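Quick note, the sequences are listed as chains R and B, same order. Quick note on numbering: this note's numbering labels position 202 of the first sequence as 202, and the sequence is numbered without any gaps. For this note's numbering, add 1000 to where a residue sits in the second sequence, where the first one is 1. We treat Cβ as the ideally placed atom computed from N, Cα and C, and that holds for glycine. Being a predicted model, the structure only gives us computed values, none of them experimental.
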Amino acid sequence: MFCERDERILFSDLHFEVAGGELVQVKGSNGSGKTSLLRIVCGLNEDFSGAILWKGEPVADVREDFLASMIYTGHRAGVNRILTPRENLRWSASLQAPADDSQIVEALGRLGLRAYEDIPCRNLSAGQTQRVALARLLISKASVWILDEPFTTLDIHGVKNLENLLAEHVSTGGAVILTTHHPLSVNCRARALDLDQQRINS
Amino acid sequence: MNDAREIQGLKGVSTWSAFCATLRRDLIIALKRRNDLLNPIMFFLIVVSLFPLGISPDPVELSSVSAGVVWVSALLASMLSLDNLYRADYEDGSLEQLLLSPQPLYFLVLAKNIAHWLISGLPVVILSPLLAYMLYLPSEAYWTMVLTLLIGTPVLSLFGSIGVALTVGLGSRGLILAVIVLPLSTPVLIIGAKAVTDVMFGLPVSSHFALLGAILALALTMAPLASAAALRISVN
C-alpha cells in the first residue's frame, strides 16, 4: 500500500506515504488543515494541486478500488437521526461491503450499544451517535481507515475501546490515518505527521 | 490477511443492492416523518381548492383553467418538498458517505430521486382526478391529465434534484432554488397543461406525449449525472 501527495495551499511540498500495518496521526494546531488533508486524501475535497497515489497509481485511475478499500468518518457522523442504528448501518453496509444483521448487532455490541439497535438515533447521545458511526469500521472490510477526530464526544471507555480497535486493525495489516488532539496510547506501529512544521511561513 | 481484505473489499456489494438499500432508506425516513410526507399532498390539495374560491365557482370558467391549475399546483408541491432531498443528508454527513461509496453515484442519486417522486409525485398523480372533478375538468381529459402528470412529475423530481444538489451547501438559499429549477421544469408544465387543454378541444395530443416522453428520457439519463456532479461540488 502506497500513498503520496503534494499540496500547495494550506501546506506545501507535503509528502507522505502510509503503509499497511501503520497508524499515522496527523497533528497540528486548529486551522492547520488537518481536516482538509483528510478530505483531500479520501477525495471529498478537490481544491488542491499535487497527486494522491493508491498502490502506486493515481487515485483517479483506480477510484473504485480505492473507495472500496477505504472508509472515512468525519466531523459529521453520517448517522441519520430518524433511523435506528441498525437501519443506519444496513445502509452504510450496502454502500461499502455486504454485512448481515448479525454482523451489525455484533459491531454495535462491541461498541457498547447492545440494546440500542432499534432506538432512533435522535434519542441517542452525541457519544453514542459517534459510536454508531464507528461501528461502520467494524462491519466494513476496508483496509484504510481515515478518521477525523474520532475521539471527540467519546467517554473514557469509548476512547479505550477505540484505541483497542485501532491497534487491532493495524496489527492485522490495516492502515489508519487519523487526526486527534487526544494523546494516543495505541499498542501498534504509529507515527505522527505534524502540519505545523510542514507549513512554510511566508 | 491484507490481501484477503482487499479481495473482499473489491468484490463489495452489487450496484443493484446499493440502489435498493438507498431507495428503501429514503422511503423509511419519509414514512417516519409523517409531516414531511403529508406536506406536499396537503399543499397540493389546499392550493387547488383555493382556486374555485378565488376565481369563481362557475363550471365553465373553472374548467377552462382546470388543467393549468392542477399542473401548476403539482409543480409547486414538488418544489416544496425538494429541499428534503439532500438537506438532512448534507447536515448529518450521510451525503459524504454516499459520495465515498464505490458504487456509481448515478444509481444512488437516481434511487434518491425515485424515492422523492414516490413520496411527493405519485400521491399528486393519484389525487389529481379527484381535484380535476372538483374543477369541472371534462371527463374525456381525465386520462390525459393523469398520464401527463405520471410522465411529468418524475421529470420535476429529477430536474429539481440538480437545483437542490447545487444549493445544498449554501447557508441561505432563499429563491435561488426556484431560479435554478423553474427554467428547467417550465417546459414540462407548458407541454403537460397544453396536452390536457388540447384534449378538451378534441385536438390530437400524441405529439405532446412524445415530447414529454423525450424529456423524461433525457432527465432519466442526464439529470442524475448532473446532480451527482453538483453534489461533489457542494460537499467540496
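Following the continuous alpha helix (DSSP H) through residue i, name the residue where it begins and the one where it ends.
i, result
"Asp1036 of chain B", "Arg1034 to Gly1054"
"Ile1215 of chain B", "Ser1206 to Val1235"
"Asp194 of chain R", "Element bounds for Asp194 of chain R: not the alpha helix (DSSP H) but the beta strand (DSSP E), Ala190 to Asp194."
"Val1196 of chain B", "Ile1176 to Met1200"
"Leu138 of chain R", "Ala126 to Ile139"
"Ile156 of chain R", "Ile156 to Ser171"
"Gly109 of chain R", "Asp101 to Arg110"
"Arg90 of chain R", "Pro85 to Gln96"
"Arg39 of chain R", "Lys34 to Cys42"
Are any of the Cβ atoms in chain B nearer than 7 Å to that of residue i?
i, result
"Ile82 of chain R", "yes"
"Arg189 of chain R", "no"
"Trp91 of chain R", "yes"
"Phe164 of chain R", "A small fix is needed here, since residue 164 of chain R is Asn in this sequence, not Phe. By this cut-off, Asn164 of chain R is not an interface position."
"Tyr72 of chain R", "yes"
"Gly78 of chain R", "yes"
"Ala51 of chain R", "no"
"Leu37 of chain R", "no"
"Leu44 of chain R", "yes"
"Glu17 of chain R", "no"
"Glu64 of chain R", "yes"
Taking the beta carbon of residue i as the centre, do at least 16 other beta carbons fall within 10 Å, making it buried, or is it exposed?
i, result
"Tyr116 of chain R", "buried"
"His1208 of chain B", "buried"
"Ala954 of chain B", "Outside the shown range of chain B, which is 1001 to 1236, sits residue 954 of chain B, and nothing can be said about it."
"Asp1026 of chain B", "buried"
"Gln1103 of chain B", "buried"
"Ala93 of chain R", "buried"
"Asp148 of chain R", "buried"
"Lys1112 of chain B", "buried"
"Trp1071 of chain B", "buried"
"Met1145 of chain B", "buried"
"Val1181 of chain B", "buried"
"Lys55 of chain R", "exposed"
"Gln128 of chain R", "buried"
"His15 of chain R", "exposed"
"Asn80 of chain R", "buried"
"Ala1210 of chain B", "exposed"
"Glu1061 of chain B", "exposed"
"His1116 of chain B", "buried"
"Leu178 of chain R", "buried"
"His169 of chain R", "buried"
"Leu1170 of chain B", "exposed"
"Ala192 of chain R", "exposed"
"Pro1059 of chain B", "exposed"
Please decide whether residue i counts as near chain R, where near means a Cβ-Cβ distance under 7 Å.
i, result
"Glu1140 of chain B", "no"
"Asn971 of chain B", "Outside the shown range of chain B (1001 to 1236) lies residue 971 of chain B, about which nothing can therefore be said."
"Asp1198 of chain B", "no"
"Asp1083 of chain B", "no"
"Lys1032 of chain B", "yes"
"Ser1120 of chain B", "no"
"Ala1021 of chain B", "yes"
"Val1235 of chain B", "yes"
"Pro1052 of chain B", "no"
"Arg1025 of chain B", "yes"
"Leu1105 of chain B", "no"
"Val1029 of chain B", "Checking the displayed sequence, the identity of residue 1029 of chain B turns out to be Ile instead of Val. With 7 Å as the cut-off, Ile1029 of chain B counts as an interface residue toward chain R."
"Ser1227 of chain B", "no"
"Leu1231 of chain B", "no"
"Ser1185 of chain B", "no"
"Ala1165 of chain B", "no"
"Asn1002 of chain B", "At Asn1002 of chain B the pLDDT is 44, less than 50, meaning the model places this residue with poor confidence and gives no usable figure here."
"Ala1115 of chain B", "no"
"Gly1237 of chain B", "Past the boundaries of the shown model lies residue 1237 of chain B; chain B is included only from 1001 to 1236, so the question cannot be answered."
"Ala1018 of chain B", "yes"
"Glu1061 of chain B", "no"
Could you please give the first and the last residue of the uninterrupted beta strand (DSSP E) stretch that includes residue i?
i, result
"Ala175 of chain R", "Ala175 to Thr179"
"Glu64 of chain R", "Run containing Glu64 of chain R: none in the beta strand (DSSP E); it sits in the alpha helix (DSSP H), Arg63 to Ala68."
"Leu147 of chain R", "Val144 to Asp148"
"Glu22 of chain R", "Glu22 to Lys27"
Considering only DSSP beta bridges, list what residue i is partnered with.
i, result
"Thr73 of chain R", "R:Leu147"
"Glu57 of chain R", "R:Trp54"
"Ser1073 of chain B", "DSSP, once it has assigned bridges, lists no residue as partnering Ser1073 of chain B."
Nearer than 6 Å: is that true of the beta carbon of residue i relative to any heavy atom of the ligand ATP?
i, result
"Leu165 of chain R", "Judged by which ligands are present, the structure shown has none, so any question about the ligand ATP falls away."
Under 8 Å between beta-carbons, which chain C residues line up against residue i? List them in chain order, please.
i, result
"Ser1101 of chain B", "Among the protein chains of the structure shown, namely R and B, there is no chain C."
Please list the segments of the alpha helix (DSSP H) lying wholly inside the stretch 1077-1114 of chain B, counting only runs of 4 or more residues, in order along the chain.
1087-1092 and 1094-1099
Could you give the uninterrupted runs of the beta strand (DSSP E) lying entirely in the stretch 1109-1158 of chain B, keeping only those of 3 residues or more?
none
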